[in-house]
Every structure is written in C-alpha cells, then in structure tokens.
Amino acid sequence: MKRIELKSIEDLVLLASSSPFGSVIQHFRNEKGEDIYFMFGGTRSETYIFYVRSEKIDHKFINLDTTQNKIVYSNKPIIDPKFKVTPVIEVKKQDLFKTLL
Numbered sequence: 003m004k005r006i007e008l009k010s011i012e013d014l015v016l017l018a019s020s021s022p023f024g025s026v027i028q029h030f031r032n033e034k035g036e037d038i039y040f041m042f043g044g045t046r047s048e049t050y051i052f053y054v055r056s057e058k059i060d061h062k063f064i065n066l067d068t069t070q071n072k073i074v075y076s077n078k079p080i081i082d083p084k085f086k087v088t089p090v091i092e093v094k095k096q097d098l099f100k101t102l103l
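The sequence shown begins at 3 in this note's numbering and counts up by one.
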C-alpha cells in the first residue's frame, strides 16, 4: 500500500470530488492528537491512501461549489446541482496508520 500526503484539506476534497464513483473522506485523531483525513484510491494492482493532517472539521459534510471552487462545511448535504457533496466519516478505531504514518 502506498501513501500520498497532500498539502491541504482542499486538495483532498478536490480529489474526492473528482472521483467518478463518488467518495467519502474518513477522519481519525491519532495518538499525538493530530487530525488525519484520508481516502483510498488506486489501480487494480496497487492501493493508495491519500491523506492530510488538518485542523478538526466540526461538520459531517464537505460541499464543493464547482462554479466558484469554494468549500462549504455543513451538517447536512447541500442539494444543488452546482455542489459536489463529500461526507466525512468518523473512524472510532483503526490500526492501519500505525505502520503507515
């Protein structure tokens, strides 16, 4: 499994919103208290984890206004054709990143 650290949460949102299959962004807080946001991607033979360390997002949805390239955080999805909506899934427990990060 390969890992790719992105520069900002905005980059992760743009990547998630460009997926033809739709995507979710997952979040967990590591042992150091850092907030990690990530998503999976890849090819038939390789899995990638795209991730970013970011400030805590206190909302359940990240809405990308595709006409203005602007991100709007909310607790409900914005239902409008100009928005691409990405849910934020909270991970309670995991062991994947202990070896990867």
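Note that CB positions come from ideal geometry on N, CA and C, so glycine has one too.
| Check | Outcome |
| --- | --- |
| Contact under 7 Å by Cβ, Asn65 with Val93 | no |
| Which of helix, strand or coil DSSP assigns to Asp82 | coil |
| Runs of beta strand (DSSP E) lying entirely within the stretch 20-64, each at least 3 residues, in chain order | 27-31, 37-44, 49-56 |
| Cβ contact check for the stretch 8-16 and the stretch 52-69: 3 or more pairs under 8 Å | yes |
| Neighbour-count burial assignment, Ser25, 16 or more Cβ in a 10 Å radius | buried |
| Limits of the beta strand (DSSP E) - the one that Val74 falls within | 72-76 |
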